[in-house]
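> Residue numbers (the working numbering), protein chains in the order written: chain A, 50 to 413; chain B, 8 to 307. For glycine and all other residues, C-beta sits at the position ideal for the given N, C-alpha and C.
(1) Is there a C-beta anywhere in chain B that falls below 8 angstroms from the one on residue 208 of chain A?
(2) Cutting at 7 angstroms between CB atoms, please list the residues of its own chain near residue 106 of chain A, excluding the five before and the five after it.
(3) Mind pulling the chain A residues with CB within less than 7 angstroms of residue 65 of chain B?
(4) Should residue 25 of chain B be labelled buried (16 or more other beta-carbon atoms within 10 Å of its own) or exposed?
(5) Count the C-beta pairs between the stretch 194–214 of chain B and the stretch 268–276 of chain B that are closer than 8 angstroms, then say yes if the count reaches three, no if not.
(6) Compare the Cα-Cα distances from residue 226 of chain B to each of B/133, B/302 and B/56 and report the closest residue.
(7) Say whether chain B places a C-beta atom closer than 8 angstroms to the C-beta of residue 406 of chain A.
(8) Out of B/304, B/298, B/299 and B/297, which one is the CA nearest neighbour of residue 282 of chain B?
(9) Here's the rule: buried if 16 or more other CB atoms are within 10 angstroms of the residue's CB, otherwise exposed. What is residue 401 of chain A?
(10) What residue from A/403, A/144 and A/340 has the CA that sits closest to residue 366 of chain A's CA?
(11) Between residue 343 of chain A and residue 322 of chain A, is the Cβ-Cβ spacing less than 8 angstroms?
(12) Taking residue 115 of chain A as part of the beta strand (DSSP E), name the residues at either end of that continuous run.
(13) Could you say which of A/377, A/158, A/227 and A/238 lies nearest to residue 299 of chain A if we only look at CA atoms?
(14) From the DSSP output, read off the bridge partner residues of residue 287 of chain A.
(15) Using a Cβ-Cβ cut-off of less than 8 angstroms, list which residues of the stretch 272–286 of chain B approach chain A; keep chain order.
(16) Are the CB atoms of residue 136 of chain A and residue 120 of chain A nearer to each other than 8 angstroms?
(17) Quick test of your reading: residue 70 of chain B and residue 119 of chain B, contact by CB under 8 angstroms. State the CB separation rounded to the nearest angstrom.
(18) Can you tell me which of B/155, B/243 and B/201 puts its alpha carbon nearest to the alpha carbon of residue 4 of chain B?
(19) By DSSP, does residue 394 of chain A sit in helix, in strand, or in coil?
(20) Which same chain residues, not among the five before or five after residue 331 of chain A, have their C-beta less than 6 angstroms away from its C-beta?
(21) Three Cβ pairs or more, each shorter than 8 angstroms: is that satisfied between the stretch 187–205 of chain A and the stretch 369–384 of chain A?
(22) What's the gap between the Cα of residue 214 of chain A and the Cα of residue 128 of chain B?
(23) Count the other C-beta atoms from every protein chain shown that fall within 10 angstroms of the C-beta of residue 45 of chain B, then say buried if there are 16 or more, exposed otherwise.
(24) To which residues of the same chain is residue 294 of chain B closer than 7 angstroms at the C-beta, ignoring the five residues directly before and after it?
(25) Counting contacts by CB-CB distance shorter than 8 angstroms, is residue 248 of chain A in contact with chain B?
(26) Within 8 angstroms (strictly less), CB to CB, does residue 323 of chain A reach chain B?
(27) In chain order, what are the residue ranges of uninterrupted beta strand (DSSP E) at least 3 long that sit wholly in the stretch 193–245 of chain B?
(28) If you measure from the beta carbon of residue 368 of chain A to each beta carbon in chain B, is any gap under 8 angstroms?
(29) So is residue 214 of chain A in contact with chain B if we call contact Cβ pairs under 8 angstroms?
(30) Interface residues of chain D around residue 245 of chain B at Cβ under 8 angstroms?
(31) Among B/123, B/140, B/136 and B/167, whose alpha-carbon lies nearest the alpha-carbon of residue 147 of chain B?
(32) Would you please state the rounded distance, in angstroms, between the beta carbons of residue 349 of chain A and residue 409 of chain A? I believe it to be under 8 angstroms.
(33) If you drop the 5 nearest sequence neighbours on each side, which residues of the same chain put their C-beta closer than 7 angstroms to that of residue 133 of chain B?
(34) Which class does residue 368 of chain A belong to by DSSP, given the choice of helix, strand or coil?
(35) Would you check if the distance between the CB atom of residue 361 of chain A and the CB atom of residue 397 of chain A is smaller than 8 angstroms?
(36) What three-state label does DSSP hand residue 401 of chain A in the structure shown?
Here it is in structure tokens:
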């Protein structure tokens with residue numbers, strides 16, 4: 050009898066151990082289209098890609114790797130340095146077997162918050178709702194050699210053994226072309242354009258100081274990333290300097306010294322074309338400047354940064370807007386971009402100009 | 008009485024001895040004070056010379072200069088040899104025999120020797136061609152011991168670019184410095200800016216670069232599924248080719264929107280590919296200079 054009890058206890062122990070080692074499936078069927086989208090993005094937020102993929106409908110016809118690359122980025126793009134911080138969903142339409150859900154995503158990236166809106170088709174699949182995930186098909190460039198022989202500037206500086214009269218290489222001459230102070234949403238904003246007038250590349254930084262009615266300095270700011278810092282010869286860049294929570298009426302004058310410029314080694318490539326620029330309304334009805342970037346060189350640009358300058362009918366710079374593109378710009382393959390334009394300025398814009406900053410991981 | 012006479016004689020003898028000793032001491036002191044130094048008014052840096060002395064015996068000699076101090080025993084009446092390396096630094100020197108209030112002192116000045124070195128500041132290192140008064144040169148003239156040559160010295164400034172006529176100017180130094188201002192030449196290239204004094208010269212390079220583009224012109228042609236735009240050779244108003252790497256912006260405006268390419272000048276020409284279009288206007292600009300416009304798809 051005691052032997053039987055022993056055997057039973059041993060069997061019970063084995064059953065309990067087995068039960069404990071088996072993980073229950075976390076995937077509870079999504080009872081609604083919105084729940085399916087929310088569960089998917091909850092998993093993305095937790096970087097649980099396998100679980101997120103479980104909410105993708107088999108009809109999507111993508112493998113988990115493609116799904117992962119679509120959400121987590123590739124080619125050293127900005128998305129590869131991002132994580133989903135927040136999202137909210139809204140059902141746009143719903144039928145018995147199909148629904149359209151808009152997901153507004155906020156990504157936390159290396160350059161600040163990045164906002165994305167996706168309209169997702171959700172389908173009924175075997176009693177639960179799943180997302181029909183579509184990956185934008187990106188054309189592949191056939192393997193080839195793209196010869197590039199663009200100029201590169203290197204610098205030999207004055208050595209310690211040179212006599213004190215020996216001259217150093219001159220810093221580049223840059224000039225502020227225009228400056229327009231405005232007040233937007235209670236913030237003072239200084240914007241305009243700067244040109245590298247020299248024949249060598251320049252690293253520039255534009256700084257403005259606001260002087261109050263009593264002659265004291267209110268604030269000093271630089272254009273930070275609202276400008277192209279490396280300007281090639283004769284290159285024109287916009288700049289925008291934001292002074293948060295300072296009203297223009299508080300400002301007596303703006304001190305605007307010669308922009309800082311440094312002689313830096315630089316390369317003349319990549320050449321990036323900005324095609325089919327046009328001002329349109331986005332899904333929320335706000336004006337945006339859209340277009341496509343095309344990298345005419347042979348090297349991947351990991352993080353493209355688009356700067357748009359908007360002019361009124363007198364040619365005055367009335368707004369400078371920028372936006373990062375979260376996909377890498379591959380050679381010869383067009384990449385769409387969109388930068389926001391303020392609603393109140395859309396009517397005044399008569400002209401615009403787009404320039405592109407580029408950040409490449411394997412290039413100094 | 009006799010005793011008194013003897014003691015008086017003895018006293019007088021002692022007084023006479025004392026007087027003789029005092030006289031000898033006075034003479035010795037006088038002789039020592041009489042040691043004199045004769046120095047030249049002016050000496051060239053690095054050149055040895057002699058200081059004559061008077062008197063007899065020996066004495067300690069001191070030489071105190073702006074960058075050198077010497078002390079040695081000398082025989083009075085014989086000249087003191089001053090080596091060239093003791094007077095390399097220009098300035099005021101004090102020669103002294105003995106010490107205290109009775110020491111003999113003489114002051115002399117060492118002036119810079121012949122011009123042997125030039126420190127030449129040429130600014131800027133890079134300048135646009137054909138700019139008036141854009142190049143400055145400042146020459147500081149020194150002797151071989153790095154003393155500033157303060158005597159007015161003519162300095163020749165020569166600015167020449169290969170294939171162009173050189174510009175020469177002679178300027179006399181003031182307080183050891185000569186300066187000039189020159190126009191940059193019309194021809195781009197590495198200008199040799201030379202400052203020379205006698206056989207000594209220093210060369211600097213002033214890069215004369217092309218100014219803004221002038222008469223910027225583009226042409227466009229369709230090829231396969233793109234529009235190829237290309238400038239004529241981009242030159243400034245003096246005919247110098249703008250440097251490679253200069254940004255030239257091509258802008259195409261059509262019904263599909265606006266397309267821009269910031270092309271780089273390569274071998275004097277900027278070239279870019281724009282998307283195919285019917286009825287587009289294409290313009291070109293470099294910096295603040297605007298070129299011509301062409302229309303494609305609707306005749307030029």
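Checking against the coordinates, here is how it stands:
(1) Start at 1 with the first residue of the first chain, and residue 208 of chain A comes out as number 159. Chain B, which has no Cβ nearer than 8 angstroms to the Cβ of residue 208 of chain A, makes this no.
(2) Residue 106 of chain A sits at position 57 when you count from the first residue of the first chain. Closer than 7 angstroms at the Cβ level, and outside the excluded window around residue 106 of chain A, lie 172, 174, 179, 180 and 181.
(3) For the purposes of this step, residue 65 of chain B is taken as the residue at position 58 of the second chain. The contacting residues do not exist; residue 65 of chain B stays about 46 angstroms from chain A at best.
(4) What you label residue 25 of chain B is simply residue 18 of the second chain in a count that begins at 1. With fewer than 16 Cβ atoms within 10 Å of its Cβ, residue 25 of chain B is classed as exposed.
(5) no
(6) Working through the second chain from its first residue, we reach residue 226 of chain B at position 219. Ranking the options by Cα distance to residue 226 of chain B, first place goes to B/302.
(7) For the purposes of this step, residue 406 of chain A is taken as the residue at position 357 of the first chain. It does not; no Cβ of chain B falls within 8 angstroms.
(8) One-based indexing of the second chain puts residue 282 of chain B at position 275. Per the Cα distances, B/304.
(9) In the first chain, residue 401 of chain A corresponds to position 352, counting from 1. Answer is buried; the Cβ neighbour count reaches 16.
(10) Sequence index remark: in the first chain, residue 366 of chain A carries index 317 (1-based). Measuring from the Cα of residue 366 of chain A, the nearest candidate turns out to be A/403.
(11) Numbered from 1 along the first chain, position 294 holds the residue referred to as residue 343 of chain A. Numbered from 1 along the first chain, position 273 holds the residue referred to as residue 322 of chain A. Cβ atoms of residue 343 of chain A and residue 322 of chain A: closer than 8 angstroms.
(12) Within the first chain, the letter at position 66 stands for residue 115 of chain A. Segment 113–121 is the alpha helix (DSSP H) holding residue 115 of chain A; no beta strand (DSSP E) there.
(13) Counted from its first residue, the first chain places residue 299 of chain A at position 250. The shortest C-alpha separation from residue 299 of chain A is found at A/238.
(14) For the purposes of this step, residue 287 of chain A is taken as the residue at position 238 of the first chain. Partner(s): A/242.
(15) 273, 279, 280, 281 and 282
(16) Along the first chain, read from residue 1 onward, the residue named residue 136 of chain A stands at position 87. Along the first chain, read from residue 1 onward, the residue named residue 120 of chain A stands at position 71. No, Cβ-Cβ distance for residue 136 of chain A and residue 120 of chain A is not below 8 angstroms.
(17) Taking the first residue of the second chain as 1, we reach residue 70 of chain B at position 63. Taking the first residue of the second chain as 1, we reach residue 119 of chain B at position 112. Incorrect: roughly 19 angstroms between the Cβ atoms, too far for contact.
(18) No statement about residue 4 of chain B is possible, as the shown extent of chain B runs from 8 to 307 and does not include it.
(19) Here residue 394 of chain A corresponds to residue number 345 of the first chain, with the count starting at 1. In this structure, residue 394 of chain A counts as helix in the three-state DSSP scheme.
(20) Position 282 of the first chain, counting from 1, holds the residue named residue 331 of chain A. Excluding sequence neighbours, residue 331 of chain A sits near 337.
(21) yes
(22) What you label residue 214 of chain A is simply residue 165 of the first chain in a count that begins at 1. What you label residue 128 of chain B is simply residue 121 of the second chain in a count that begins at 1. When rounded, the distance between both Cα atoms is 5 angstroms.
(23) Reading the second chain from its first residue, position 38 is the one you call residue 45 of chain B. Per the 10 Å Cβ criterion, exposed.
(24) The residue given as residue 294 of chain B occupies position 287 in the second chain. So the qualifying residues of the chain are 219.
(25) Along the first chain, one-based indexing puts residue 248 of chain A at 199. Yes, because at least one Cβ of chain B sits closer than 8 angstroms to the Cβ of residue 248 of chain A.
(26) Reading the first chain from its first residue, position 274 is the one you call residue 323 of chain A. At least one chain B Cβ lies under 8 angstroms of residue 323 of chain A.
(27) 196–204, 207–216, 225–230 and 233–238
(28) Indexing the first chain from 1 puts residue 368 of chain A at position 319. It does not: the Cβ of residue 368 of chain A has no partner Cβ on chain B nearer than 8 angstroms.
(29) To locate residue 214 of chain A, count along the first chain from 1; it is residue 165. Yes, its Cβ sits closer than 8 angstroms to a Cβ of chain B.
(30) Checking the listed chains, one finds no chain D in this structure; the protein chains it contains are A and B.
(31) Locating residue 147 of chain B in the second chain gives position 140, where the first residue counts as 1. Measuring from the Cα of residue 147 of chain B, the nearest candidate turns out to be B/123.
(32) Taking the first chain and counting its residues from 1, the one referred to as residue 349 of chain A is at position 300. Taking the first chain and counting its residues from 1, the one referred to as residue 409 of chain A is at position 360. Residue 349 of chain A to residue 409 of chain A, Cβ: 7 angstroms. Contact.
(33) Reading the second chain from its first residue, position 126 is the one you call residue 133 of chain B. So the qualifying residues of the chain are 214 and 216.
(34) For the purposes of this step, residue 368 of chain A is taken as the residue at position 319 of the first chain. Of the three classes helix, strand and coil, the one that applies to residue 368 of chain A here is strand, per DSSP.
(35) To locate residue 361 of chain A, count along the first chain from 1; it is residue 312. To locate residue 397 of chain A, count along the first chain from 1; it is residue 348. Taking 8 angstroms as the Cβ cut-off, residue 361 of chain A and residue 397 of chain A qualify as a contacting pair.
(36) Counting from 1 along the first chain, the entry for residue 401 of chain A is found at position 352. Three-state DSSP puts residue 401 of chain A in a strand.
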